[in-house]
Structures are given as C-alpha cells and as structure tokens.
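Here the sequence shown is numbered in the numbering used here, starting from 9 and rising by one per residue.
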Amino acid sequence: MGVLFTCLTTRAVHIEIATNMSTDAFVMCLKNMQHRREKISCMYSDNGTNFVGADNELRRFRERRASNGIDWAFNPPGSPHFGCSGEAKPNISGTSKTYRADWEKAQAITREYWKRWVNEYPPKLARREK
9 MGVLFTCLTT
19 RAVHIEIATN
29 MSTDAFVMCL
39 KNMQHRREKI
49 SCMYSDNGTN
59 FVGADNELRR
69 FRERRASNGI
79 DWAFNPPGSP
89 HFGCSGEAKP
99 NISGTSKTYR
109 ADWEKAQAIT
119 REYWKRWVNE
129 YPPKLARREK
C-alpha cells in the first residue's frame, strides 16, 4: 500500500509507502513526505475516512504546536473528478501540445544556436591578415 502525492504546480509525483489504510499511517506518510520535500500549503483530497481523520488529527497537532498548517480542501461528495490534476493547467489552445514537445523545441533551438556559433564566431577570431 502507498500514498501518491501529486504536486499541482510541477506535476511531480511523490510516493510514500503506508503500512495500512488508517489515519495514523496516512499522517506518518504525510510527515515523511514533508520532511523529504517542501512544505505543503494546500492539499486536495477526496472524502476518504482516513483523509478526514488525518485532517482532524493535524488540526489537533497544529493547535498543540501552534505552527503553520495545511489548508485541506475536500472534493464535494458525488464529484470524484473535482480538483484533479487535470484541472491544474487547462489546455485552452485546443491542441494536444505536451511538455515534451516544448522541451524538444528548446533543444532544437539550442542545437541551432551552437551550430551557428561554431561556424561563425571562431573563424572571426582566427582570421589572420597579411
């Protein structure tokens, strides 16, 4: 069993191994993920009993330690698709452009730049007049 954390900013996926599906196991995975990665400011999840229990447990923990907490937003009941990573960055252009295509375009521009640089700049430096 495990817990998948998906960053809605970078779309990175963080995987934590859980011993079971209890609230305590989830809180432990959440703490482990926060220690390895960055601080979580907002979290979206479904209304699973372990998540609701974890939210209550973390509120009690925050009150005891008076620390900055996580804003936890639960999906509305009956809307399991609400708040998913597909809503993080909508595609408004109507194309199926991917991040890989952007990366490949940047690589092609970089290759063209260095090709021109090698062919045009060093010969100017090495030019000798008699």
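Just so you know, even glycine gets a beta-carbon here, dropped at the ideal spot from N, CA and C.
These numbers come from a predicted model, not from an experiment.
DSSP state of residue i mapped onto helix, strand, coil
i, result
"Cys15", "coil"
"Ile117", "helix"
"Glu137", "coil"
"Met51", "strand"
"Glu24", "strand"
9 Å Cβ cutoff met for residue i and residue j
i, j, result
"Asp79", "Ser53", "no"
"Phe13", "His22", "yes"
"His61", "Thr106", "The identity of residue 61 in the sequence shown is Gly, whereas the question assumes His. Not a contact, by the Cβ cut-off of 9 Å."
Whole-angstrom distance between residue j and residue i, CA atom to CA atom
i, j, result
"Asn28", "Met36", "11 Å"
"Val126", "Arg136", "18 Å"
"Arg19", "Ala116", "24 Å"
"Glu65", "Met41", "17 Å"
"Arg44", "Ala26", "15 Å"
"Ala134", "Glu128", "11 Å"
"Arg119", "Met9", "44 Å"
"Pro131", "Arg124", "11 Å"
"Asp63", "Trp111", "38 Å"
"Glu46", "Val11", "17 Å"
"Glu24", "Arg108", "26 Å"
heavy atom of the ligand COA below 8 Å from residue i C-beta
i, result
"Thr18", "Looking at this structure, you won't find the ligand COA or any other ligand, since it has none at all."
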